[in-house]
Every structure is written in structure tokens, then in C-alpha cells.
Amino acid sequence: MLSLPFIARTPQNIKRPKIIVPFAPRTLEEIRSVGDWAARARKAGADAMEWRVDALADSVDLLDADGSAAQALEEAQLAIQDHRLLPVLITVRTAAEGGQADLDDAAYAKVISGLMRRTQLTPPLGTQPRIAVDVEVDREPAAQLCKQAGELDVPVVASHHDFDRTPDTRILLAKIRDMLLMGADAAKIAIMPKEPSDVSRLLEACASAVEVAEVPVIAISMGPLGRSTRVFGGDFGSAATFAPLGEESTAPGQISVEKLRSVWTELY
1115 MLSLPFIART PQNIKRPKII VPFAPRTLEE IRSVGDWAAR ARKAGADAME
1165 WRVDALADSV DLLDADGSAA QALEEAQLAI QDHRLLPVLI TVRTAAEGGQ
1215 ADLDDAAYAK VISGLMRRTQ LTPPLGTQPR IAVDVEVDRE PAAQLCKQAG
1265 ELDVPVVASH HDFDRTPDTR ILLAKIRDML LMGADAAKIA IMPKEPSDVS
1315 RLLEACASAV EVAEVPVIAI SMGPLGRSTR VFGGDFGSAA TFAPLGEEST
1365 APGQISVEKL RSVWTELY
């Protein structure tokens, strides 16, 4: 199990989750501006950035293992990893879970495996991991990908997204348990609520999970109805939230990092 200090909460701000700011460039040219973007994000209050690789799906063939697209993806990844201003969570969000990458399980495994291997091309900065990879736990190769990540010393944030319903607490806890059994270094659940009781059920599951989990747990209820979880999730043990820089939202219900920091300054 690897430590993820850029996600785990600190005793000094135990109720304030870490802020992960999504970076979703659609072209390689946009990626080359990562240094300026990361500087703005850090100044705004970001603790880490999430590189949404799937945003490149329209301009880069993610499955091109040997051709020019593969070289372009490697160039992009090295640029992201080398800026050194913020820790990086690398995410390929599939269409099945609300993203832009239309990949089956085999293709998903191939892309994630390549991204994991390329993390080794960047020398570490200090002793703490600064690059982690998101693995969608509902993909069939998830367990094998977590195993590979462990062999490479790449921290894994296992994730599950459901845009259709909020299961009962027992099912949510079972999903988190599956992530831990796979060896995840953090567990993320994001659910779309239909009614207020769905939001409270997610927070109840989060509070129960953090009592027994040895890794950070991230619990988010999406959309306008779930915005309270992005603000007050830390009160229930949620370790991190995702907040865009300005209005560059990558998920429904996200609150900008600037607004979130302002609210937390008043509350905490």
C-alpha cells in the first residue's frame, strides 16, 4: 500500500478535503501550456491536478501503440509529469462512466498499462509519490491493473461512477471493499442522486467506510443536488474533492476551486 499525501487529509485541516483540479486539454498544443495552468491552479488553492487523458480522444488515437499517436501521447504525458508544480492523478474516464474515451475492457487495460509504464520515465521528486493513476474498478481488468501498478510502485485511485442510481449503503460499502481487496491506495465513489435521501445515504456510507479503511476514501454525490458533498464531505471523512479552475467543469455539480476555498475559509 502506497501513501498518497496529496489526497490524504492532514490533522491540521481534518475537515477540509484536498482539492484536485481537473486539467482536460483537447489537443497537444493545449497540453504544452500545462506549466502556466498548473501555476494558476496552485495559486488558486489546488493540492493536486487530475489529467483527463480521455479529453484527447478526438485528437489522439489512444490505442495507437506504435505509431505517431503513441509518440504524441508519450510527449503529452512527459509534459504533464515534468511540470513539477502539482502532484498528478492520471485518469482515462471511459464513456461508460461519464468520460470521453469509448474503450472496451481490453482497450482500456492497454491504455492504462501504457500510462503506468510511462510514469517510470519521470524521475521522482523527493520520497513521496507525485503521480497516481485512476483505475475504474468495474472494468474487468481492474484487479490485474492494480497488481501491475503495485509492481511499478504507482499509486492507484480505484473509482466507481454511477449516473443512474444511488445503491443502498451495504452495496456502496461492498464496492469500496472490492477496491481495497484489489490493493487500491485510495477509493473513490461518485454517484448521481435522484432525491435528497440518496445524498445522505452516500455520506453515511463514506462515514462508515473511513472507520475501517486504511486508505483515503473519496465520496461525491454529483449534480446540483449533490453539491453539498463537495463542500461538507470532509465532515463525513471524504478525503478529497474535484473542483475546476474557473468554470472548466468536467463533472456535473463541480464547484470552482476559487469558490470552494472562499467557502472553506469562512467555515473552517
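Numbers 1115 to 1382, taken from my numbering, label the letters of the sequence shown in order.
Glycine included, each C-beta is placed from N, C-alpha and C at the ideal position.
- When the Cα atoms are used, P1119 and A1301 turn out to be separated by approximately 14 Å.
- The segment 1347 to 1354 makes contact with the segment 1319 to 1338: 3 or more CB pairs, one atom from each, lie closer than 8 Å.
- Only exposed fits F1277, as fewer than 16 other CB atoms lie within 10 angstroms of its CB.
- Between P1366 and G1337, the C-beta spacing is below 7 Å.
- Here A1209 is not near A1171, since their CB atoms are 7 Å or more apart.
- For the segment 1287 to 1335, the continuous beta strand (DSSP E) assignments of 3+ residues that do not extend past its boundaries occur at 1300 to 1305 and 1331 to 1335, in sequence order.
- Residue pairing for R1344: DSSP places it in no beta bridge.
- Minimum Cα-Cα distance from S1173 among the listed residues P1139, P1131 and A1257 corresponds to P1139.
- Remark: C-beta atoms of I1121 and V1371 do not approach each other more closely than 7 Å.
- Around the beta-carbon of L1259, 16 or more other beta-carbon atoms lie within 10 Å, marking it buried.
- When beta bridges are read from the DSSP output, I1134 appears opposite A1162 and F1356.
- Where S1273 is concerned, the enclosing beta strand (DSSP E) starts and stops at V1270 to D1276.
- Of the other Cβ atoms in all chains shown, 16 or more fall within 10 Å of the Cβ of Y1222; this residue is therefore buried.
- Per DSSP, the unbroken alpha helix (DSSP H) holding D1219 starts and ends at D1219 to R1232.
- Looking only at M1296, L1317, F1350 and G1297, the smallest Cα-Cα distance to M1306 is reached by L1317.
- With a 10 Å radius around the Cβ and a threshold of 16 neighbouring Cβ atoms, T1379 comes out exposed.
- Rounded to the nearest whole angstrom, the CA to CA distance from G1264 to E1328 is 16 Å.
- Counting every other CB atom within 10 Å of its CB across the protein chains shown gives V1377 a total below 16, marking it as exposed.
- DSSP places L1199 in the coil class of the three-state scheme, outside both helix and strand.
- DSSP, read as helix, strand or coil, puts D1168 in helix.
- Closest option to A1186, judged by alpha-carbon separation, among R1146, T1205 and R1198: R1146.
- With contacts defined by Cβ atoms closer than 7 Å, H1275 and K1289 do not form a contacting pair.
- If you draw a straight line from the Cα of R1279 to the Cα of G1340, it is about 13 Å long.
- Going by DSSP, E1250 is part of the beta strand (DSSP E) stretching over I1245 to E1250.
- Between D1219 and Y1382, the alpha-carbon positions lie close to 42 Å from each other.
- DSSP places I1194 within a helical segment (H, G or I) once states are collapsed to three.
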